[in-house]
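Visitor: So for the sequence shown, UniProt numbering puts the first residue at 1; every next one is plus one.
Have a look at this one before I ask anything.
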Amino acid sequence: MNLVDETEEVDEKHLKVIIIGDSLVGKSSLLKDTADSEFKDLNEIHFALLRKTTPIANVNITEKFLGDDSTYKVKTLNTWPHEEHVSIHHAKTVLLDALSAMKALHSMDILHNDIKGDNVIVKQSDHDLFSGYLIDLGNASTTFLSAIYDFGQTERDYYDDDPLSIHYAPELIFDNAATTRASDVYQIGQLIYIMGNDMGNEDLRDIGERCLYREPLSRIKLLDLIEFVSQL
C-alpha cells in the first residue's frame with residue numbers, strides 16, 4: 001500500500017512528501033512472533049489510521065531515496081554536523097521537520113519507536129535550503145498495541161556506562177515497559193542533545209536534556225518541545 005496511491009490529485013510540491021508504504025506494516029518486526037490473527041488486526045488498524053488521515057499537509061515522512069543519485073550517499077543527523085558547518089537556523093529547520101513528522105504520527109496514534117540519527121535524512125535543495133525527513137517505520141506500533149522489547153543486562157550496562165550510547169528510553173531497558181509517546185520524545189530529545197554537543201550549542205543541549213529525564217512523566221511534552229525549538 002502506498003498512501004499517495006490512495007489520494008487523488010496529490011501535489012507533492014505542496015505536500016512535500018507523503019509516502020507511507022508497506023514498511024509501516026510489512027516490516028513491523030516487533031510483532032513477528034505474535035499470532036497471525038493479531039498481526040492481521042494490527043495491519044487493519046494501521047490501514048484504517050492511514051486512510052483516516054489522507055492527506056496530511058507538510059509532513060516529511062518518506063521511504064524514497066533522498067541522497068545523491070550519483071554517489072548514493074545520504075546526509076543524516078549522524079553525519080551532517082561532522083561533514084560541514086551547520087548553522088543554528090538550518091539545524092532548527094531540519095529538527096522542526098522531524099518533529100512535525102513525529103507529531104503527525106502521534107496524532108494517528110502511531111509510535112515510531114526507532115528515532116535516531118540515521119533515521120533522519122537531511123536533504124539540501126539547490127537554494128541551500130535544508131529539509132529533514134523521518135524514515136524507517138519498520139518498528140512502528142500503535143499506542144494501543146505498543147512494543148515491548150526484551151532488553152537484557154548488556155543494554156543495561158550500555159546505559160549505565162553512557163546513556164547516550166543506546167537510543168532507547170530507560171523504562172524500556174530497565175522495566176520492560178511498553179513504548180509510549182514519551183519514549184519517542186526521549187529518542188528525539190537524545191538526537192537534539194547530541195546535535196547540541198556536536199554544534200557546541202548550549203540551547204540545543206538544554207532543550208534535549210528536558211526530554212531525557214529517567215521518569216517518563218517528567219519529560220517535556222511534544223508540543224512544548226516543538227515550541228522551544230521554534231524559538232531558537
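We put the CB at the ideal spot given by N, CA and C, even for glycine.
Closest to residue 260 by C-alpha separation, out of TYR168, ASP150, ASN78, would be which residue?
Guide: Here the chain covers residues 1 to 232 and nothing more, so residue 260 does not appear.
Visitor: Just the C-alpha distance for ARG214 and LYS75, rounded to the nearest angstrom, thanks.
Guide: The straight-line gap from Cα to Cα measures roughly 30 Å.
Visitor: On the CB-based measure, 16 or more other CB atoms within 10 Å of its CB, does PHE130 come out buried or exposed?
Guide: By the neighbour-count rule (16 or more Cβ atoms within 10 Å), PHE130 is buried.
Visitor: Assign THR154 to one of two classes, buried (16 or more other C-beta atoms within 10 Å of its C-beta) or exposed (fewer than that).
Guide: Counting Cβ neighbours within 10 Å, THR154 comes out exposed, since fewer than 16 surround it.
Visitor: Of the choices TYR193, HIS127, GLY200, whose alpha-carbon is the least far from that of GLU209?
Guide: It is TYR193 whose Cα lies nearest to the Cα of GLU209.
Visitor: Contact check, ALA207 vs VAL185 under 8 Å by CB: the rounded distance?
Guide: Checking the sequence, you will find Ile at residue 207 rather than Ala. Contact doesn't hold; Cβ gap of about 11 Å is too wide.
Visitor: Give a yes or no on contact between the region 194-202 and the region 140-160, applying the rule of three or more CB pairs nearer than 8 Å.
Guide: As far as the Cβ criterion goes, the region 194-202 does not touch the region 140-160, which means the pair count is below three.
Visitor: From the DSSP secondary-structure annotation, give me the bridge partner or partners of LEU129.
Guide: Its beta-bridge partners do not exist; DSSP assigns none.
Visitor: Using 8 Å for Cβ pairs, my map puts residue 250 next to SER146. What's the rounded Cβ distance?
Guide: Past the edges of the chain, shown from 1 to 232, lies residue 250, and the structure says nothing about it.
Visitor: Grab me the residues of ALA98's own chain with a C-beta within less than 6 Å of its C-beta, minus the 5 sequence neighbours each way, in chain order.
Guide: Contacts found: VAL120, GLY132, LEU134.
Visitor: So, is GLN187 buried or exposed, given that buried needs 16 or more other C-beta atoms within 10 angstroms?
Guide: GLN187 comes out buried.
Visitor: Out of curiosity, what's the CA-to-CA distance linking PHE144 and GLY189?
Guide: Using only the alpha carbons, I get a separation of about 23 Å.
Visitor: Label LEU125 either buried or exposed according to how many other C-beta atoms from any shown protein chain fall within 10 Å of its C-beta, with 16 as the threshold for buried.
Guide: The residue you asked about is not Leu; residue 125 is Ser in the sequence shown. With fewer than 16 Cβ atoms within 10 Å of its Cβ, SER125 is classed as exposed.
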